[in-house]
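Notes follow once the structure below has been shown.
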Amino acid sequence: MPHSTKPVSTADAAAIARAARLLEEGRLVAFPTETVYGLGADASNPEAVAGIFTAKGRPSNHPVIVHVARDADLSLWTTHLPREASQLIDAFWPGPLTLILPRAPQVPAAVAGGQDTLGLRCPAHPVAQALLREFRDGQGGLAAPSANRFGHVSPTTAQHVIDEFGAPGVGPLADVLDGGHCQVGIESTIVDLSRLATHGPVLLRPGQISAAQIAEVIGRMPALPDVAAPRVSGSLDAHYAPTTPLALAEGRALETAMEQLQTAGRTFALISYSENFAAIHGMHLPADPDGYAHGLYASLREMDARHADVILVERPPQDAAWQGINDRLRRAAFDSAGVLEKLLQG
Ligand code: TXA
Ligand code: MG
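If you're matching positions, the sequence shown starts at 10 in this note's numbering and goes up one per residue.
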């Protein structure tokens with residue numbers, strides 16, 4: 010049954026206070042961030058954190074990011090804040106950047122999937138900040154993965170969250186704060202600073218804060234992940250995937266794929282950005298990376314709902330500003346060639 014939530018503004022102190030009390034009681038509350046919606050639980054409560062894993066169907070060895078208020082005391086969470094961390098915090102917090110740091114001993118291991126590091130992020134969304142100020146008087150942390158079932162597309166509206174988990178009280182969620190459509194639209198950039206001495210800074214997940222922007226602040230380019238890098242569940246293949254198979258193609262190859270699919274009696278839903286394909290029925294996203302990222306996940310959900318045989322995505326530009334977007338699309342379309350081949354063979 011469709012269920013709509015009332016938009017909540019930071020000014021709606023009652024809704025935020027209610028959500029904070031539910032979290033303090035160990036319940037799960039979904040809340041907006043500037044990247045995607047998070048499925049929040051009290052990070053200091055192992056049972057509440059376990060509830061996140063159960064609700065998502067996520068393996069318990071996958072670490073969860075802890076969200077903190079602006080000006081939170083980070084010594085509650087990490088044993089060591091290297092100079093690079095302070096520089097990145099000054100430059101980008103609150104904002105879409107997660108730092109992997111050594112975990113303080115009092116932080117439950119369950120939050121970190123048993124690892125001795127912790128992902129920390131200070132989100133910029135005003136509703137997230139208001140919630141974090143209210144929750145445990147601003148000194149708590151909210152463990153929050155993206156509010157989607159394991160492997161699904163991350164939610165960028167409150168309705169997406171309800172589509173994933175059901176309305177508050179019906180499913181595992183005690184509450185959902187509605188903060189509108191997330192501005193950034195893809196998950197935060199993740200930089201590992203926990204192994205600086207041996208590996209230097211490592212980019213675990215690209216996002217809208219680019220590797221070049223990070224290098225500008227800390228004076229060195231973050232390396233790409235190595236085999237020993239801490240686990241990032243979003244770096245598994247076939248993550249961020251809609252139910253409908255997805256294939257990436259561009260230019261002439263995209264035109265050919267559409268013609269061949271039509272000839273074979275197959276249906277497709279198209280997500281494009283260039284003028285060449287603007288006239289074709291489907292979703293046309295802005296041709297700039299910020300606008301594109303903002304609309305991407307909602308488009309994937311909408312195209313998925315058409316139940317076509319395949320979602321065709323016009324491959325975006327490959328330059329650095331599109332790195333986070335291309336990372337998500339590559340994982341969602343991890344077998345482009347195989348998908349098309351199967352459909353065309355009958
Ligand atoms: O933008 C975001 O980061 C969103 C919003 C809600 O803040 N959150 C998010 O969480 O994307 P999640 O759990 O869907 O993805 C977090 C990623 C996972 O891939 C996880 O493996 C990685 O962060 N991560 C968390 N803690 C880590 C740690 N200690 N070491 C390595 N990776 C970690
Ligand atoms: Mg996720």
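The beta carbon of each residue, even a glycine, is placed where N, CA and C say it ideally should be. Quick caveat: nothing in here was measured; it's all calculated off a predicted structure.
Can you pull the DSSP bridge partners for residue i?
i, result
"residue 8", "Outside the modelled stretch of the chain, which goes from 10 to 355, sits residue 8, for which no answer is possible."
"residue 184", "38"
"residue 155", "47"
Please go through the same chain and pick out, in chain order, the residues whose beta-carbon is closer than 7 angstroms to the beta-carbon of residue i, but skip the five residues on each side of it.
i, result
"residue 197", "44, 105, 106, 107, 130, 216"
"residue 10", "Residue placement at residue 10 cannot be trusted, given a pLDDT of 36 that sits under 50; what the coordinates show is reported in the next sentence. Counting only Cβ-Cβ distances below 7 angstroms, and skipping sequence neighbours, we find nothing."
"residue 209", "229, 232"
"residue 157", "163, 164, 173"
"residue 202", "91, 93, 94, 108, 109, 110, 210"
"residue 101", "218"
"residue 126", "109, 110, 111, 112, 203, 239"
"residue 296", "282, 283"
"residue 103", "79, 131, 132, 133, 138"
"residue 56", "35"
"residue 335", "325, 327"
"residue 317", "253, 276, 277, 278"
"residue 180", "174"
"residue 315", "278"
Can you name, in chain order, every residue of its own chain whose Cβ lies under 6 angstroms from the Cβ of residue i, other than the five neighbours on each side?
i, result
"residue 309", "162, 251"
"residue 271", "none"
"residue 12", "Residue placement at residue 12 cannot be trusted, given a pLDDT of 46 that sits under 50; the coordinates are not used to answer."
"residue 23", "none"
"residue 77", "131, 150"
"residue 254", "319, 348"
"residue 36", "183"
"residue 333", "195, 215, 216, 217"
"residue 199", "107, 213, 214"
"residue 42", "132, 134, 137"
"residue 69", "62"
"residue 234", "211, 213"
"residue 227", "93, 96"
"residue 144", "29, 32"
Output the boundary residues of the beta strand (DSSP E) element that contains residue i.
i, result
"residue 200", "198–201"
"residue 291", "291–293"
Can you give me the Cβ contacts of residue i inside the same chain, cut-off strictly under 8 angstroms, excluding the 5 residues immediately before and after it?
i, result
"residue 267", "277, 279, 289, 321"
"residue 58", "50, 51, 52, 73, 117, 119, 120, 152"
"residue 65", "48, 154, 157, 158, 159"
"residue 294", "280, 281, 282, 300, 301, 304, 305, 308"
"residue 350", "none"
"residue 67", "61, 154, 159, 242"
Would you give the residue range spanned by the alpha helix (DSSP H) that residue i belongs to?
i, result
"residue 27", "22–33"
"residue 312", "298–313"
"residue 167", "167–174"
"residue 337", "332–341"
"residue 211", "No alpha helix (DSSP H) holds residue 211; the beta strand (DSSP E) holding it covers 211–214."
"residue 233", "Element bounds for residue 233: n/a, residue is neither H nor E."
"residue 348", "345–353"
"residue 218", "Here residue 218 belongs to no alpha helix (DSSP H), and DSSP marks it neither H nor E."
"residue 208", "205–208"
Looking at ligand 3, does it come within less than 6 angstroms of residue i, judged from the CB to the closest heavy atom?
i, result
"residue 281", "In terms of ligand content, the structure shown lacks ligand 3 and carries ligand 1 and ligand 2 instead."
Any beta carbon of chain B sitting closer than 7 angstroms to that of residue i?
i, result
"residue 101", "Annotation note: the requested chain B is absent from the structure, which comprises a single protein chain."
Worksheet entry | 4 or more residues per run - each alpha helix (DSSP H) lying fully within the region 44–87 | 55–65
Practice prompt. Could you name each continuous beta strand (DSSP E) segment of 3 residues or more that falls completely within the region 96–137, going from the start of the chain to the end?
Written response: 106–111, 126–130
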